[in-house]
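Asker:
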Amino acid sequence: MAQAGIHALVGQAVRRWLPKAEWLMPGLVLGNLFPDFDNIAVAVATVAKLPTEGLHRTFTHSIFTVLAAILLFWGIGKLKKQARWQNFGLGFGLGIIMHILLDFAIWFNGVAVLWPLPIWINFWQGVTPPTWFEALMNPLEFLFMALFFWALGRAARKNKTNIDFLGKLNIWLMVLGILFVVFTPLAYIMQKGFLTLFGAVYLLMLFVAAAVTWRMRETLDTV
Ligand SMILES: [Zn+2]
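Heads up, the sequence shown is in numbering that gives the first Met the number 0, so the first residue is 0 and it goes up one at a time.
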């Protein structure tokens with residue numbers, strides 16, 4: 000798993016270099032989040048006691064997926080005669096590319112960037128992070144998601160957008176804070192079953208992050 004919150008924050012941070020186009024930014028942030036939804040496949044395979052190999056960092060982390068997504072949303076835009084779907088698709092594709100680049104930089108595993116071709120690119124070959132660090136990476140997911148929500152809230156207050164949602168956003172922010180505080184010690188003291196428990200909550204919060212991004216698209220569009 001990688002840091003969804005970092006991916007989302009980076010997506011938000013590149014705003015100033017991009018043209019203003021409706022739904023481009025929500026697409027870009029969702030594209031940054033999207034690749035790690037492959038953890039659903041990992042979770043399903045784990046529950047079904049099937050091999051999980053080749054499920055993470057493959058089919059959602061591929062250049063071909065980027066092209067397929069851009070084409071798909073381009074087609075939807077044509078059908079609906081709404082350019083914002085095409086903006087969304089371009090943002091989404093760019094977001095996935097940013098996610099892949101960030102995965103190269105901040106994680107210790109390879110990415111099958113040309114999936115379905117079995118070519119893995121890994122800049123960290125032979126590097127094994129210390130165990131305490133690997134354990135910390137999981138609860139840190141919640142902290143970074145919280146940072147992302149906080150940044151969204153700050154932008155919304157500044158631009159006076161999505162004001163009606165800020166109350167709920169604060170509740171999610173608190174939930175994430177509590178999850179971080181609870182899961183950090185658990186990552187070190189739970190001998191068995193931590194990854195199952197954490198994985199379930201993590202996936203749930205990944206959905207929340209995507210839903211909040213979409214709900215606050217007006218904020219992302221006006222930043
Ligand atoms: Zn990833």
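Glycine included, each C-beta is placed from N, C-alpha and C at the ideal position.
Taking the alpha helix (DSSP H) that residue 24 belongs to, which residues open and close that run?
Answerer: 23-32
Asker: Can you determine whether any heavy atom of ligand 1 sits closer than 7 Å to the C-beta of residue 56, and answer yes or no?
Answerer: Yes, since a heavy atom of ligand 1 falls inside the 7 Å radius drawn around the Cβ of residue 56.
Asker: Does the distance from the CB of residue 55 to the CB of residue 31 come in under 8 Å?
Answerer: no
Asker: So what does DSSP say about residue 180, is it helix, strand or coil?
Answerer: helix
Asker: Suppose the cutoff is 8 Å on Cβ atoms and the five residues either side in sequence are ignored; what does the same chain contact list for residue 152 look like?
Answerer: The answer, listed in chain order, is 165, 168, 169 and 172.
Asker: How is the alpha helix (DSSP H) around residue 11 delimited, first residue to last?
Answerer: 3-12
Asker: To which residues of the same chain is residue 122 closer than 7 Å at the C-beta, ignoring the five residues directly before and after it?
Answerer: 103
Asker: Please classify residue 110: does DSSP put it in a helix, a strand, or coil?
Answerer: strand
Asker: With distances taken Cα to Cα, identify the nearest neighbour of residue 192 among 142, 139, 25 and 46.
Answerer: 46
Asker: The alpha helix (DSSP H) with residue 227 in it runs from where to where?
Answerer: Nothing can be reported for residue 227: it is not among the residues displayed for the chain, which extend from 0 to 222.
Asker: Once DSSP output is grouped into helix, strand and coil, what is the label at residue 39?
Answerer: Helix at residue 39.
Asker: Specify the secondary structure class of residue 170 as computed by DSSP and reduced to three states.
Answerer: Note: residue 170 maps to helix in three-state DSSP.
Asker: For the alpha helix (DSSP H) that contains residue 213, what are its first and last residues?
Answerer: Going by DSSP, residue 213 is part of the alpha helix (DSSP H) stretching over 193-214.
Asker: With burial defined as no fewer than 16 other Cβ atoms inside 10 Å of the residue's Cβ, what is the status of residue 124: buried or exposed?
Answerer: exposed
Asker: Evaluate the contact criterion for the segment 96-115 versus the segment 143-150: three or more CB pairs, one atom per stretch, below 8 Å.
Answerer: no
Asker: Evaluate residue 190 with the Cβ neighbour count: other Cβ atoms within 10 Å of its Cβ, from every protein chain shown; 16 or more gives buried, anything less gives exposed.
Answerer: That one is exposed.
Asker: Got a sec: does ligand 1 put a non-hydrogen atom nearer than 7 Å to the Cβ of residue 34?
Answerer: Indeed, a heavy atom of ligand 1 lies less than 7 Å from the Cβ.
Asker: Just mark residue 69 as buried or exposed, buried being the case when its beta carbon has 16 or more other beta carbons within 10 Å.
Answerer: Residue 69 counts as buried, since no fewer than 16 other beta carbons sit within 10 angstroms of its beta carbon.
Asker: So does residue 102 have its beta carbon nearer than 7 Å to some heavy atom of ligand 1?
Answerer: yes
Asker: Opposite residue 120 in the DSSP bridges: which residues?
Answerer: 110
Asker: Give the straight-line distance between the Cα atoms of residue 58 and residue 214, rounded to the nearest whole angstrom.
Answerer: 27 Å
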